[in-house]
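The structure is reproduced here in C-alpha cells:
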C-alpha cells in the first residue's frame, strides 16, 4: 500500500515539474528585451515587418509568429581612405571619417529595402 502511494506521489511530482517547465519555457520564449541604445523592429509571419519601432524595455511577443530584429542606433564612425596625386606629382593620403546612425522612425523601411546588414 505504501509503495503505491509513493509511486502516485512521484507521478504527480513529475507531472507538476513537466507543467512548470513547459510554462517557464513558453514564458521565456514570449519575452524579449531591448537595451539602451537599441531599437527593435518586429517581424510577423502573417503581416510582415510591422511599421512601428520598439524602444527600450522588456516586451511580449507571440512565440513562433513574431520575431524581434534588434538594431544598434548609436553613432558609428566609417572611415574612407584614398591615395591621390597632386599637381606637382606627389602622392597624398586622404582619409574621410563620417559619423552615422540609422533614423529610428525609418528602421522598418531600412529592414525591408536593405536587410538586416544595412551597414
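In my numbering, the protein residues as written are 3 to 121. Each residue gets a CB set at the ideal place from its N, CA and C atoms; glycine is no exception. Bear in mind that the values here come from a model prediction, so they are computed numbers and not experimental data.
1. What's the C-alpha gap between residue 97 and residue 79?
2. Please confirm whether residue 71 and residue 45 have their CB atoms less than 9 Å apart.
3. Where do the ends of the beta strand (DSSP E) carrying residue 104 lie?
4. For the alpha helix (DSSP H) containing residue 112, list its first residue and its last residue.
5. Going by other Cβ atoms of all chains shown within 10 Å of its Cβ, with 16 needed for buried, is residue 43 buried or exposed?
On the basis of the supplied data:
1. Taking the chain shown and counting its residues from 1, the one referred to as residue 97 is at position 95. Taking the chain shown and counting its residues from 1, the one referred to as residue 79 is at position 77. Distance between the alpha carbons of residue 97 and residue 79: 12 Å.
2. Against the chain shown, residue 71 aligns to sequence position 69. Against the chain shown, residue 45 aligns to sequence position 43. Yes, the pair counts as a contact, with Cβ atoms nearer than the cut-off.
3. Here residue 104 corresponds to residue number 102 of the chain shown, with the count starting at 1. Counting along the chain, residue 104 falls outside any beta strand (DSSP E), and DSSP gives it neither H nor E.
4. Stepping through the chain shown from its first residue, residue 112 is reached at position 110. Counting along the chain, the alpha helix (DSSP H) containing residue 112 begins and ends at 109-116.
5. Looking up residue 43 in the chain shown gives position 41. Buried.
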